[in-house]
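See below for the structure under consideration.
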Amino acid sequence: MIKIGLVGFGKAGQAVAQVLQDDPRYQLCWIARRSVSTSVKATPDLDVPMTALTTPDDWGQWLDTHPVDALVDFSSPESLHLYGEEVRRRGLMLVSAISAYSDADLDYARSVASNARVLCSPNITVGINFLILAARLLRKIAPFADVEIVEQHFRDKPEVSGTARKIAQSINVDEDRITSLRLGGIVGHHEVIFGFPYQTVRLIHNSIERRAFGTGAAFALAELQQCENGFYTFDDLMMRMVRKELLSDLP
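The sequence shown: position 3 = 2 (numbering that gives the first Met the number 0), numbered continuously.
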């Protein structure tokens, strides 16, 4: 059983915590967030301690007394720089679903990955990453097709979806081909539209509940456990599985 510390307890983090606690492969040991009313307390729905860790020293001391095998991060880009050296020193697995990492943040994550297994993905749902693989394949088959990307999210989401940006980058499409809509309480909708002569192909993914992030994190942990130290994306893990499956069918 893999022991996990969860970083971040917003709406996504709460949903992920529930999925991880219910998965028999994992033991959710604690939750770290920006602040709590006391240094350690149990959450109402989850029988695990919660703590506020705001400095690298806090992280080192906490992990000395509350060791885990992996961190799952649904917080903010700054957290990486607080716990990064402990991940490196202890050789922990890290699954990060932060969508707003800068290039400098990602460079630091890659440096940590020289001594640990690190996965960074702006969207950690299995379905959206399968969509990206399918879009990449179709783009190679038909590079002449017109391509548009549509993303829809809840009304208060301010920035263009990091997942939409990743889709555009993956299929070599300019970001000005992304259309963003903000409507009500939509969790997440991404659509890639390929316009061919005489036909149209639409690849669509909808996140119905935030628990989809939890099942994606659980998949990533299971696959990352089988990898060597290094920096991975969700694409890397899925392609690893696809290659393994294709090779198993060879005579």
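From the three backbone atoms N, C-alpha and C, an ideal C-beta is built for every residue, glycine too. Note that the coordinates shown come from a computational prediction; the quantities given were computed from them, not determined experimentally.
Assignment of beta-bridge partners to C119 by DSSP yields S95. Counting other Cβ atoms within 10 Å of its Cβ, K165 reaches 16 or more and is therefore classed as buried.
In the DSSP annotation of this structure, the continuous segment of the alpha helix (DSSP H) that includes G126 starts and ends at V125 to I140. The segment 95 to 105 and the segment 113 to 128 touch, with three or more beta-carbon pairs separated by less than 8 Å. Contact fails between the segment 221 to 228 and the segment 125 to 141, because fewer than three Cβ pairs, one in each stretch, are under 8 Å apart.
The beta carbons of I192 and E147 sit closer together than 8 Å.
For Y82, the enclosing alpha helix (DSSP H) begins and ends at P76 to R89. The DSSP-derived three-state label of K165 is helix.
Residue state for G12 is assigned as helix, using DSSP reduced to three classes. The beta strand (DSSP E) runs of length 3 or more contained entirely in the segment 148 to 221 are, from start to end of the chain, 177 to 181, 187 to 195 and 198 to 206.
Sequence-distant partners of E222 (beyond 5 residues in either direction) whose C-beta falls short of 6 Å from its own C-beta, in its chain, are L236.
Note that the C-beta distance between Q17 and R176 is not below 8 Å. The alpha carbon of T162 has as its nearest neighbour, out of G183, L130 and V67, the alpha carbon of L130.
Using a 10 angstroms sphere on the CB of M0, the tally of other CB atoms stays under 16, which defines it as exposed.
A distance below 7 Å between beta-carbons, with the five flanking residues on each side excluded, links G194 to the following residues of its chain, in chain order: A144 and D145.
In the DSSP annotation of this structure, T64 is not part of any beta strand (DSSP E); the continuous alpha helix (DSSP H) holding it starts and ends at P55 to T64. For Y231, the enclosing beta strand (DSSP E) begins and ends at G229 to Y231.
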